[in-house]
Structure formats: C-alpha cells, structure tokens
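Asker: Residue numbering for the sequence shown is 0 to 63, as defined by numbering that gives the first Met the number 0. By construction, the Cβ of each residue, glycine as well, lies at the ideal position given by its N, Cα and C atoms. What follows is a single structure, and I will ask about it in a moment.
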Amino acid sequence: MNAGRSGEVVLAGPLLETKPYVPRLRHGLVARPRLSELLTGANESALTLLSAPAGFGKTTLLAQ
Numbered sequence: 000m001n002a003g004r005s006g007e008v009v010l011a012g013p014l015l016e017t018k019p020y021v022p023r024l025r026h027g028l029v030a031r032p033r034l035s036e037l038l039t040g041a042n043e044s045a046l047t048l049l050s051a052p053a054g055f056g057k058t059t060l061l062a063q
C-alpha cells in the first residue's frame, strides 16, 4: 500500500479500490428502464462490462 500525491491510499496490484461504497441516489434521476433490464439479464453472464465516458451515469445506473 502506498500513499498517492493527495494522500489517498493506492493499493498495489491489478485492481484499485476507488469506490468501496454504494453512492447515495439523488432525487430527480432519469429512469433508464431499458438499461436496467439489460443489467438484470446480465446476472446470467460470467462477466459484464459497462463502458462509457466519464459522466455518462455508469455508477448511478449500477446503484439503481
């Protein structure tokens, strides 16, 4: 384990733990039923990749 530039803890290894908590949902979110349905079906898969640019709502979708 190493300390990063701003004092955050950086774990050595292939994966970094950047968000060890589920974020709180905000009020007034846009419902995305098609994406939620696709993710529900992903439970049958061994691996699911959710990819989009920063700020496109990946974390929010997963938290819903």
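In the DSSP assignment, find the alpha helix (DSSP H) that holds Ser35 and state where it starts and stops.
Answerer: Pro32 to Gly40
Asker: Among the residues of its own chain, which have a CB less than 6 Å from the CB of Tyr20, if the five just before and after it don't count?
Answerer: The same chain holds no residue with a CB closer than 6 Å to that of Tyr20 once the five nearest residues on each side in sequence are set aside.
Asker: Note the first and the last residue of the continuous alpha helix (DSSP H) segment covering Leu60.
Answerer: Lys57 to Ala62
Asker: Please report the straight-line C-alpha distance between Ala41 and Leu34, rounded to a whole angstrom.
Answerer: 11 Å
Asker: Counting only the same chain and skipping the five closest in sequence on each side, list residues whose C-beta sits under 8 Å from that of Pro22.
Answerer: Answer for Pro22: Thr58, Thr59 and Ala62, listed in chain order.
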